[in-house]
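**Q**
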Amino acid sequence: MSLSLVTLCLALVADEATTPDKAAVIERQEQKAQAEVSAKYGNKKPTELSREDRKAMDQDLANASKAVLEKNGVDPKQWARDSLKRDRSEYAKTKELVKDLEAKDKAAEEKRKADANAPKEVEVQRGVSEENPVTLDEKPNEAGVVPVEKGLPPEAQQEQDAAAGQDSAVGSSAAPAADEAPKAKPGKGGRRR
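Following my numbering from start to finish, the sequence shown increments by one per residue and tops out at 213.
#1: Starting from the Cα of R101, find the closest Cα among K115, A112, R74 and A43 and give me that residue.
#2: Between the Cα of T39 and the Cα atoms of N92, G62 and E72, which residue gives the shortest distance?
#3: Under a Cβ-count criterion, where at least 16 other Cβ atoms within 10 Å of its own Cβ denotes burial, should V165 be classed as buried or exposed?
#4: Would you mind working out which of S58, K119, N137 and Q54 sits nearest A84, comparing C-alpha positions?
#5: Give the range of the alpha helix (DSSP H) segment to which K114 is assigned.
#6: Do three or more CB pairs link the region 115–125 to the region 44–51 at distances below 8 Å?
#7: Can you grab the Cα-Cα spacing for the pair N137 / A128, in whole Å?
#8: On the three-state DSSP scale, how would you describe P153?
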């Protein structure tokens, strides 16, 4: 009696069909795994590959599919049976859920790219102290020469230009500067020689 009860329980558990949600997750994971295998072989069509490469690609695709099923705890034979037993409504629902998962993955990927490309806040350090030491080079320079920036920072240059503008305004009211040469006027005509 106990043997028949165990057999009955195993038969009932084995016939448990996968839900459309779980089927959509498995199909999406299989698509990702197949895309990775395809990228490994250069995204070429099977007709563009040699016989050995096609055989290796088929083996890799089968291994990837098997790994996805094992990861989700689904027997490959049961998955094949469930795939064949699906009616049109279940198939359509699964396809719709797969599209939703693809859209979510795409949105997450775009958000990740946007976060990576987002401008990062740059901390400007003014002055040197024990709490804020200055590091000239994070890594050793190959040539042994420390790069030196020439000129003033933009803020200091603007202040200096503004001060020079005020000085020239005061000096221009008295007389034109001696070092400025008068500009030559263009002649009339424009004849060719």
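For every residue, glycine included, the Cβ atom is placed at its ideal position computed from N, Cα and C. Quick caveat, the model's predicted, so the values are computed rather than measured.
**A** In this structure, then:
#1: Of the candidates K115, A112, R74 and A43, the one whose C-alpha sits nearest the C-alpha of R101 is A43.
#2: The residue with the shortest Cα to Cα distance from T39 is N92.
#3: Per the 10 Å Cβ criterion, exposed.
#4: It is Q54.
#5: The amino acid at residue 114 is misidentified as Lys; the sequence shows Thr. The continuous alpha helix (DSSP H) containing T114 extends over residues R108 to N137.
#6: Yes, the region 115–125 touches the region 44–51.
#7: Rounded to whole angstroms, N137 to A128 spans 14 Å at the Cα level.
#8: Coil, per DSSP.
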